[in-house]
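All remarks here apply to the structure that follows.
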Amino acid sequence: MKKWLVISIGIIAVLLILAFSTTNLGTHISNFTEIYADEGLHKDALDIANNDPKVTDYFGTISLKDNLSLLNGDVQYSEDHNKVELTFKFKGSKANGVIDIKAARNAGEWEYKAIILRNKDKKIELVESSKV
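Letter by letter, the sequence shown follows residues -9 to 122 of this note's numbering.
Put into structure tokens, the structure is as follows:
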């Protein structure tokens, strides 16, 4: 009985090692962990969007759709982690949608290159050059 348990655990361990080493699963987990840790990145982008009349006229006040919105989205960091592309769903008081964020880290602060809010009927592009 113990022998089969040890063999089973060994096989599972080998499969997990193969999964992490042959796929980008480890990278994806690391990216999502970093995006949750650096919550200013998405919160500041939402603040910028909420201060734009085009956004509030169409979508209303926007926020994360739920606590898993970032996890259900997509995040891609550059190799040096100084650039990021982030996409996640948001809920608005008038309409829901998806937000795409492109940002670069400069001296430890995020500078937004693009903030795009969209749904099937509308696309609003915001470009910020200010550091946050």
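Glycine included, every Cβ here is placed at the ideal spot set by N, Cα and C. As the structure is a computational prediction, the values presented were derived from the model and not from experiment.
Residue i to residue j span [Cα, whole Å]
i	j	result
V45	L6	44 Å
D111	Y48	10 Å
I38	G0	50 Å
I2	K(-7)	14 Å
L(-5)	V4	14 Å
S(-2)	K33	44 Å
V117	S68	20 Å
Host beta strand (DSSP E) of residue i (start-end)
i	result
A93	87 to 96
L54	52 to 54
Selected residue, minimal CA-CA separation from residue i, among the options
i	options	result
V65	G0, T77, N57	T77
A104	K73, D111, K81, G98	K73
H131	G50, R95, V(-4)	Beyond the ends of the chain as shown, which are -9 and 122, falls residue 131; an answer cannot be given.
E115	K33, P43, Y67, K84	P43
L79	E29, I38, K55, D28	Position check: residue 79 holds Lys in this sequence, whereas Leu was assumed. Considering only alpha carbons, the answer is K55.
N109	D90, Y102, V117	D90
E75	S68, K92, E69	K92
Helix, strand or coil at residue i [DSSP, three-state]
i	result
K(-8)	helix
T111	It is Asp, not Thr, that sits at residue 111 in the sequence shown. Three-state DSSP puts D111 in coil, outside helix and strand.
D70	coil
D64	strand
L58	coil
Under 7 Å between C-beta atoms of residue i and residue j
i	j	result
W100	L36	no
L58	G87	no
I52	G98	no
G50	K84	yes
Residue span of the alpha helix (DSSP H) that contains residue i, given as start and end
i	result
D34	29 to 40
K44	43 to 48
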